[in-house]
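One point on numbering: in full-length UniProt numbering, the residue at position 111 of the sequence shown is 111, and numbering is uninterrupted.
Think of the CB as a built atom: it goes at the ideal place given N, C-alpha and C, for glycine as much as any other residue.
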Amino acid sequence: MDESKKEPQTLSVEELKNKGNECVKDGKFIEAVLHYTHAIKMDPSNYVLYSNRSFAFLKLDQHYLSLQDANETVKLQPQWAKGYFRRAEVEAASGLYDEAIVSYTIALKLDPQNPKLMESIKNITDMQKQKIQSNQNTIWICTCLGFIVGIAVVILDYCCTTNPTLGHPFSMVAFSIALAGLGWSIGKSVTLMNTWGAGKSLQPPEELIGSDNANKETAQPEKKPKYSKAQARQRFKQGRL
Numbered sequence: 001m002d003e004s005k006k007e008p009q010t011l012s013v014e015e016l017k018n019k020g021n022e023c024v025k026d027g028k029f030i031e032a033v034l035h036y037t038h039a040i041k042m043d044p045s046n047y048v049l050y051s052n053r054s055f056a057f058l059k060l061d062q063h064y065l066s067l068q069d070a071n072e073t074v075k076l077q078p079q080w081a082k083g084y085f086r087r088a089e090v091e092a093a094s095g096l097y098d099e100a101i102v103s104y105t106i107a108l109k110l111d112p113q114n115p116k117l118m119e120s121i122k123n124i125t126d127m128q129k130q131k132i133q134s135n136q137n138t139i140w141i142c143t144c145l146g147f148i149v150g151i152a153v154v155i156l157d158y159c160c161t162t163n164p165t166l167g168h169p170f171s172m173v174a175f176s177i178a179l180a181g182l183g184w185s186i187g188k189s190v191t192l193m194n195t196w197g198a199g200k201s202l203q204p205p206e207e208l209i210g211s212d213n214a215n216k217e218t219a220q221p222e223k224k225p226k227y228s229k230a231q232a233r234q235r236f237k238q239g240r241l
């Protein structure tokens, strides 16, 4: 038989996984996702494939898809530490440090001697402390700036105007404190916005939301015909209602 007419041989799950792993090593994460996805279609209960694809999605900054695969890994094999490690990595990349610490801790309980997990917990704890310190610094700086601006306004008002608006010492102090309070409010708002922004990358992509909405619109529930009271009684007597 002519070699050119032979049908291409279908790759096994293990071969597809190995190809995906090679692509990951080469930094070809999109190709890796394709290989893992093909393998998952052939073996949907293979939790290692979901774990590997979760890593590839994370490298592509597809946090939502990466978390879905990590959760599927945990669901298929809840006693495998690496599944929780994958989930923790996505949560950490999304700024959800508290959730990441929980996932890392579960992984460490399943694999207590894993030095990488211990290091990851230390790193994420340090990142969380830095975030808290950064938020405190932001509030402090905004408060100080507000107070400085208040003092500057009071000095300019006193020195550059014939009849100062803030002539009384009490009003000068109160005005400066009020601007310091305004600065504190601004700093607090900035830190709250940063906190609320954590995990935003875990929201599903717009194309998935649009697809779900389209499916809901097409799958309209069948409406039952409406009958009058007399027709309803008649159908009840006939045993048709």
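Residue j beta carbon less than 8 Å from that of residue i
| i | j | result |
| --- | --- | --- |
| I139 | W184 | yes |
| R86 | T73 | yes |
| H38 | C23 | no |
| D43 | V13 | yes |
| A107 | L117 | yes |
| V90 | L58 | yes |
| Y47 | Q79 | no |
| L182 | G146 | yes |
| L110 | A88 | no |
Three-state secondary structure (DSSP) of residue i
| i | result |
| --- | --- |
| A198 | coil |
| P115 | helix |
| Q128 | helix |
| D43 | coil |
| L11 | coil |
| P169 | helix |
Where residue i falls, given that 16 or more other Cβ within 10 Å makes a residue buried
| i | result |
| --- | --- |
| S189 | exposed |
| residue 250 | Coverage of the chain is limited to positions 1 through 241, which leaves residue 250 absent and any answer about it impossible. |
| F236 | The predicted model places F236 with a pLDDT of 49, which falls under 50 and marks its position as unreliable, so this point remains unresolved. |
| T10 | exposed |
| F29 | buried |
Best match in the options for proximity to residue i [C-alpha to C-alpha]
| i | options | result |
| --- | --- | --- |
| A70 | N52, I155 and I30 | N52 |
| I177 | P164, C160 and V154 | V154 |
| I141 | M172, D157, L179 and V24 | L179 |
| M127 | G150, N137 and D98 | D98 |
| A32 | L16, S45 and K41 | L16 |
| I132 | A93, F29 and N194 | N194 |
| G27 | N18, Y158 and A56 | A56 |
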